[in-house]
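K.L.:
So for the sequence shown, full-length UniProt numbering puts the first residue at 1; every next one is plus one.
Below is one structure. I have some questions about it.
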Amino acid sequence: MICSRSGDGNLRHFLTTKLGALERHVFIEKLVKDIEGDNHRLLQKLKQRIDRVGLQLPTVEVGYQNLVVEAECEVVQGKPIPTLWTALKSILCGITQIIGCKPQAYKLEILKGVSGIIKPSRMTILLGPPGCGKTTFLQALAGKLNHSLKVRGEITYNGYKFNEFVPQKTSAYISQYDLHISELTVREALDFSARCQGIGNRADIMKEVSRREKQSGIVPEPDIDTYMKAISIEGLKNSPQTDYIMKILGLDICADTIVGDAMQRGISGGQKKRLTTGEMMIGPARAFFMDEISTGLDSSTTFQIVTCLQQLTHVTNSTILVSLLQPTPETFALFDDIILMAEGKVVYHGPCNNVAEFFEQCGFRSPPRKGISDFLQEVVSRNDQAKYWYHEDQPYSYVTVDKFVNMFKDFHVGKKLDEELRKPFDKSECHKDALSFNIYSLRKWELLKACTAREWLLMKRNSFVHVFKSAQLVVVALVTMTVFSRTWMNIDDVHAKYYMASLFYALIRLMSNGIAELSMTVSRLAVFYKQRDFYFYPAWAYSIPATILKIPFSLLDAFLWTSLTYYGIGYSPEPERFFKQIIILFLVHQVSISFFRLIASLVRTPSVAATICLFSLIAMFLFGGFIIPKSSLPTWLEWGFWLSPLTYGEISASVNEFHAPRWQKVLSSNVTIGQQVLESRGLNFSDSFYWISIGALLGFWMVFNIGFTCALSYLKSPGSSRTIISHEKFSHLKEKENFDNSCQEKELTCVDTHITAAEATSIGMVLPFEPISISFQNVQYFVDTPKKMREQGFPPQRLQLLQDITGAFRPGILTALMGVSGAGKTTLMDVLSGRKTGGSIEGDIRIGGYPKVQETYARISGYCEQSDIHSPQITVGESVQYSAWLRLPAQIDRHTRSQFVKEVLQMIELDEIKDELVGIPGGSGISAEQRKRLTIAVELVSNPSIIFMDEPTSGLDARAAAIVMRAVKNIVSTRRTVVCTIHQPSIDIFEAFDELILMKRGGQIIYYGELGQNSSKLIEYFEGIPGVPKIKENYNPATWMLEVTGLSAEAQIAIDFAHIYRGSHLCQKNNELVRELRFPEQGSKELHFSTRFPQNGWEQFKACLWKRHLSYWRSPRYNLGRLIFTAACSLLFGALLWQKGQKIDGEQEFFNILGSMFVLLQCTGIGNCSSVLPFIATERVENDGKNIFFHCAFCLQYYTCIYEKARKG
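Right under this line is the structure:
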């Protein structure tokens, strides 16, 4: 129970199970006002209360010994790219394996015999360069490895092996990829996760604590007692734990915002990353394995989150292993232990305090102003190791990873670890609640209630889809009624055919109405597989609500269609037959929905699923008894008539109508009109077949739904196919296994590195360009206040996102744009680059002293977006080549262009992976940091004068970030104008910039000027402001700057940094510079291009066609699906109508052929359209809603009409 004081001074009491959103928010705000301080205080009070009564919290010690993880790769000749040809070869190889012929395979070791112990109460950081096996390592420890990987060695939790408990419930793996249902809000997503993961042993602990306190006469603190009781109640729909997690992760500001996706605006990328973390932290797991949780977050936010994790580890004795890419020294200092990996091996595993000592013993030392985490990731790299060698009196020689591993075994930390590994964990010391032995946390009924509540919520969120479908059905029903309205006039054998046709059309209309279920089911499968594998709920708890909650919509659609058409067309007027037709159409609609759900769960790929569904519909229509009557079917295919659900809909609808009294008029042939009509269609069944058909439809419904549940239960998530490598790479790997690192090779490595750097500096000198400055004065940016914000009380006037922004970017000067999340960094870059198409922009923007003309500006500028936008079926080299083809001037010959592309690839260090497919983020292809470098290469190859980069180092490890910044510095050295937004830079990266524009929330500048040597000018400026604390020795200036200028710091010392900057001498100096740059230099001319695009229409067409050809050819699933669909349809029609056209006996056979031709022509077109939509969507909408097509069009690469012609070609 929670007590709070109302306005009149009276105490109000709230039951913890009945708290509303406001009461929960107020309560958590009371407990945790300041995240870092109050959160630690809260955890300490919880721990003290438990310790006071002599209880011990359960702990988990994770051990791994001689752990080896292998992946089997298929070796192919040429490029390792999946194409239509390689797909056909794989199918043939699968056939040949049956007779004993196997393709060449190579077993690639991802983890190579690693051993260690991750202890409770100590927070461990996992570091290592990309490709070293960090993600595989984390997944292996959490029991989340792909089943296609082979695992050797041993992983134990408190001495127990994986087959002795449920590791997925004991631990939580937090992926680097964000998979969430887009329609849910942040609060709803976390509430559902908390509800499904349960409370673990919290209720038992609470019960025992209360019992012992009562015995000892201890009175607990009311707020702590309330909080502990609230989080110990099982099955709460809205838990205070959700508000607590949102508070410490900074998600409370977007609690009621939907997650969003490519088609719906939602929370930001950084907030999605925090939501992914919170989704697993909210559960009762005792061990956490977190994979790159800081991507997209600024350094202050990362520090805050890791601080909360440290408090959780130390106070509650949790076991936490976190993989981070670029931790600042302050964040790194929060960890107790470190695991350093390289080339699939553990180089060091032990206390953070001893890691510098270990590498000094090996001969390497970190420079004074170098972050220790950056040093560790670079010292194991072949290209960066030499610069850290500190024995000047001894010659440097490359130290391999194997040597480091052997040195660690002789190091005192390694010896201690080896001793601990030799002593097995005593299982008798394991707390009874430390490990989970139950697969699911809730009772079956509670799981069903939770999934049903979420499904109902999603249906309400998608109400537009259902309303639109019903409205569409109403329109089609009105048209159908109009077309067939004249048939009621005569009851004879001629008009009976119209009645029969209208019944069949009603059936296929309701059958086709369920197609939307296919795409909706496929779109949610990724989240389902994630939650299923984490044992949130079983498959049946997901499938039952999805089935039952669709019943009202089927009833509604059946009722609407029948109500509008039954009496309008003029069917038999008896009321019971009206309701019988509703039952028929209702069941057909339900069968359709269930069938499409089943196909979606079996195939799991949108394009292939659409193709299979269409073929299935064609088969159902053909065997349904109307287009080709049963009597006209070949004898050996009559079984198809009885297997089509449409058959039973046709039988029941025909029997219901043509057994009515008005069709009982006897003809001269001594049969009734109804009998004659039914016999002509092969549907002359008795009245009892109405109910038999109803039973058959119910049977199909049950079979499809059971199949849907089984498919969800047993099939694995897609995308786990075997890796393909080229024969060249295979040979290289084999040589590397037997390679002896000689001194000669080591010297060659250093020389190669030097050459690469030297070559990089020459880039841009091959192709001429004109250095250009950009100045902007009093720039303002306004947007209309969103409706939701107006409803929450915000003023209806326009929102101002940028306020009086004045500055300049000059050639040869690297400028950083920094600020906390929401400060307006990306907004400013979008405004200056002309990418903001909405809102209102005010102020003066000039290029080289001339007013900005967007068409010209787009030709001389490049923009590297934060989201990496690339076509997935193109290789890295081809992506750069395509950009160069369309964006370099037509005067540059093909050879020069190719050489320029080659230089760019070498400078950005992409030449080694130039033949790898880009792929889809989180699915296949190159890694995140490689995609980031590719984004820079694609823009750089256009030879721009001005380059904007939105967080170029976000999502990269320290070494990759250093590579990118080295490339950026090389670009700047060619006198280009380069501007970068940046989130959490290390000291090295931050001080690589020449100037800084620092912004605060609200879109205001609080510093614009030079950084100076070791950031001296920046530090001098802020330390000169009264109340700002001095920077600590060797502290990261970027981190210090963000800390002392944050909103809380401003409030604490009661100053406005924006106001101080506007009145400073620095601001006056900058304003004078901008005024000078507003006027062009003498003798300069305004930039002008004779053509709008760099290339003519024919070259654009060739480039687009070349790219589309490659994309189509490398989409074997799509192409094979189309080929198989066409071939299967041809075989089906050929079998059904074999030799029917040679001799036509009677009107019926003629109609059979016409009807089949109509179905074939219509469905083939529809089939190609439906299967191509997901494929085109991959190009049109990709990467968090960023559109590949519009990105290229904005850069003036091609005419839209030419792109469309090439795509259709």
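Glycine included, every Cβ here is placed at the ideal spot set by N, Cα and C.
#1: Report the rounded CA-to-CA distance for N970 versus I1053, giving the unit in angstroms.
#2: Just curious, the beta strand (DSSP E) that G153 is in, first and last residue?
#3: Can you tell me which of D51, E61, M620 and F689 puts its alpha carbon nearest to the alpha carbon of K161?
#4: Counting only runs of 3+ residues fully inside the segment 851–914, write out the beta strand (DSSP E) ranges in chain order.
#5: Return helix, strand or coil for D803, following the three-state DSSP convention.
#6: Could you round the C-beta distance between G283 and Q197 to whole angstroms and report it? I think they count as a contact, below 8 Å.
#7: Between N1183 and S175, what straight-line distance do the alpha-carbon atoms span, to the nearest angstrom?
#8: Put W691 into one of helix, strand or coil per three-state DSSP.
#9: Which residues in the same chain have their Cβ closer than 7 Å to the Cβ of F404, if we skip the five residues on either side of it in sequence?
#10: Are the CB atoms of G807 and Y1008 within a distance shorter than 7 Å?
#11: First and last residue of the alpha helix (DSSP H) that includes D291?
#12: Between which two residues does the alpha helix (DSSP H) harbouring T226 extend?
#13: Is it the case that the segment 549–557 contacts the segment 623–636, given that we only count it when at least three CB pairs across the two stretches are under 8 Å?
#14: Buried or exposed, going by whether 16 or more other CB atoms sit within 10 Å of the CB of H1065?
#15: Based on the DSSP secondary-structure assignment, which residues constitute the bridge partners of Q780?
#16: Only counting the same chain, and skipping five residues up and downstream in sequence, which positions put a Cβ closer than 6 Å to that of D384?
#17: Could you tell me the distance, in whole angstroms, from the CA atom of T749 to the CA atom of P944?
#18: Going straight from the alpha carbon of P661 to that of V655, what length do you get?
#19: Would you kindly check if the distance between the Cβ of Y850 and the Cβ of P1080 is under 7 Å?
#20: Restricting to runs no shorter than 3 residues, where is the beta strand (DSSP E) found entirely within the segment 967–1026?
#21: Can you tell me the Cβ-Cβ gap for V32 and L42, rounded? I've got them flagged as a contact below 8 Å.
#22: Could you tell me the boundaries of the beta strand (DSSP E) in which F364 lies?
#23: On the DSSP bridge assignment, give the partners of I947 in chain order.
#24: Can you tell which of V677, D337, V474 and G919 has the C-alpha that lies nearest to the C-alpha of L126?
#25: Rounded to a whole number of angstroms, what is the C-alpha to C-alpha distance between V401 and W389?
#26: Which ranges does the alpha helix (DSSP H) cover as unbroken runs of at least 4 residues, wholly within the segment 274–338, from first to last along the chain?
#27: I want to see whether chain D comes within less than 7 Å of R369, judged by CB atoms only; does it?
#28: Please identify the residue among T276, A142 and L57 whose C-alpha is closest to the C-alpha of Y64.
#29: Rounded to whole angstroms, what is the Cα-Cα separation between A356 and I248?
#30: Tell me, to the nearest whole angstrom, how far the beta carbon of Q800 is from that of D844; I am working on the premise that it is less than 8 Å.
#31: Taking just the CA atoms, how far does V779 sit from R798?
#32: Give me, in chain order, the residues of the same chain whose beta-carbon lies closer than 7 Å to that of I772; leave out the 5 immediate sequence neighbours on both sides.
#33: When the Cα atoms are used, what is the spatial distance from A760 to V880?
#34: For the segment 652–678, list the alpha helix (DSSP H) runs that are entirely contained and at least 4 residues long, ordered along the chain.
#35: Can you look up Q1082 in the DSSP assignment and give me helix, strand or coil?
#36: Round the Cβ separation of V166 and S436 to the nearest angstrom and send it over; I've been treating them as touching at under 8 Å.
P.N.:
Quick look at the numbers:
#1: As a working note, residue 970 is residue 970 in the sequence shown. As a working note, residue 1053 is residue 1053 in the sequence shown. Spanning the two alpha carbons is a distance of roughly 41 Å.
#2: Taking the sequence shown and counting its residues from 1, the one referred to as residue 153 is at position 153. It spans K150 to Y157 - the beta strand (DSSP E) in which G153 sits, taken as one unbroken run.
#3: Locating residue 161 in the sequence shown gives position 161, counting from the first residue. Checking every option, the nearest Cα to that of K161 belongs to E61.
#4: 861–864
#5: In the sequence shown, the residue the question calls residue 803 occupies position 803. Checking the displayed sequence, the identity of residue 803 turns out to be Gln instead of Asp. It is a strand residue.
#6: Taking the sequence shown and counting its residues from 1, the one referred to as residue 283 is at position 283. Taking the sequence shown and counting its residues from 1, the one referred to as residue 197 is at position 197. Between Q197 and G283 the Cβ distance is about 3 Å, and since that is below 8 Å, they are a contact.
#7: Here residue 1183 refers to the residue found at position 1183 of the sequence shown. Here residue 175 refers to the residue found at position 175 of the sequence shown. Only weak support is given to the placement of N1183: the predicted model assigns it a pLDDT of 41, under 50, and the value that follows is read from those uncertain coordinates. Near 17 Å, if we compare the C-alpha coordinates of S175 and N1183.
#8: As a working note, residue 691 is residue 691 in the sequence shown. DSSP places W691 in helix when its eight states are reduced to three.
#9: Residue numbering aside, residue 404 sits at position 404 when the sequence shown is read from its first letter. So the qualifying residues of the chain are V347, C362 and V380.
#10: Within the sequence shown, the letter at position 1008 stands for residue 1008. Within the sequence shown, the letter at position 807 stands for residue 807. Yes; because the gap between Cβ atoms is below 7 Å, this pair is in contact.
#11: Along the sequence shown, one-based indexing puts residue 291 at 291. Unbroken run through D291 is the beta strand (DSSP E), A287 to D291; no alpha helix (DSSP H).
#12: Counted from its first residue, the sequence shown places residue 226 at position 226. Start and end: P222 to A230.
#13: Counting Cβ pairs under 8 Å, fewer than three are found: no touch.
#14: On the sequence shown, position 1065 is the one that residue 1065 refers to. Flag for H1065 reads exposed.
#15: The residue you call residue 780 lines up with position 780 of the sequence shown. E842, per the DSSP bridge assignment.
#16: Taking the sequence shown and counting its residues from 1, the one referred to as residue 384 is at position 384. Closer than 6 Å at Cβ, skipping near neighbours: E378.
#17: One-based indexing of the sequence shown puts residue 749 at position 749. One-based indexing of the sequence shown puts residue 944 at position 944. Any reading at T749 needs caution, since the residue's pLDDT is 35, under 50, leaving its predicted position unreliable; the model's value is listed next. Using only the alpha carbons, I get a separation of about 32 Å.
#18: The residue labelled residue 661 in the question sits at position 661 within the sequence shown. The residue labelled residue 655 in the question sits at position 655 within the sequence shown. Linking P661 to V655 through their CA atoms gives a straight-line distance of about 12 Å.
#19: In the sequence shown, residue 1080 corresponds to position 1080, counting from 1. In the sequence shown, residue 850 corresponds to position 850, counting from 1. Yes, these two residues count as a Cβ contact at 7 Å.
#20: Segments of the beta strand (DSSP E) lying fully in the segment 967–1026: 977–981, 995–1000 and 1004–1010.
#21: On the sequence shown, residue 32 is found 32 positions in, with the first residue counted as 1. On the sequence shown, residue 42 is found 42 positions in, with the first residue counted as 1. Indeed, because the Cβ distance is near 6 Å, the residues count as touching under 8 Å.
#22: Looking up residue 364 in the sequence shown gives position 364. Element bounds for F364: n/a, residue is neither H nor E.
#23: Counting from one through the sequence shown, the residue named residue 947 turns up at place 947. In DSSP, I947 forms a bridge with G862 and V978.
#24: Taking the sequence shown and counting its residues from 1, the one referred to as residue 126 is at position 126. Of V677, D337, V474 and G919, the residue nearest in Cα terms is D337.
#25: To locate residue 401, count along the sequence shown from 1; it is residue 401. To locate residue 389, count along the sequence shown from 1; it is residue 389. Spanning the two alpha carbons is a distance of roughly 15 Å.
#26: 299–316 and 329–332
#27: No chain D is part of this structure, which consists of one protein chain only.
#28: Locating residue 64 in the sequence shown gives position 64, counting from the first residue. When only C-alpha atoms are compared, the closest one is A142.
#29: Numbered from its first residue, the sequence shown carries residue 356 at position 356. Numbered from its first residue, the sequence shown carries residue 248 at position 248. Approximately 32 Å, taken between the alpha carbons.
#30: Here residue 800 refers to the residue found at position 800 when the sequence shown is read from its first residue. Here residue 844 refers to the residue found at position 844 when the sequence shown is read from its first residue. Contact flag wrong, Cβ pair sits at about 17 Å.
#31: By one-based count along the sequence shown, residue 798 stands at place 798. By one-based count along the sequence shown, residue 779 stands at place 779. Their backbone Cα atoms lie some 16 Å apart in a straight line.
#32: By one-based count along the sequence shown, residue 772 stands at place 772. Excluding residues within five positions, the ones whose Cβ falls inside 7 Å are P811, I847, G848, I860, S945, I946 and T977.
#33: Residue mapping note: residue 760 aligns to position 760 of the sequence shown, counting from 1. Residue mapping note: residue 880 aligns to position 880 of the sequence shown, counting from 1. Caution is warranted here: a pLDDT of 37 is assigned to A760, below 50, making its placement in the model unreliable, and no coordinate value can be reported.
#34: none
#35: Taking the first residue of the sequence shown as position 1, residue 1082 is located at position 1082. Reduced to three states, the DSSP call for Q1082 is coil.
#36: On the sequence shown, residue 166 is found 166 positions in, with the first residue counted as 1. On the sequence shown, residue 436 is found 436 positions in, with the first residue counted as 1. Taking 8 Å as the upper bound for CB-CB distance, V166 and S436 are in contact here, some 5 Å apart.
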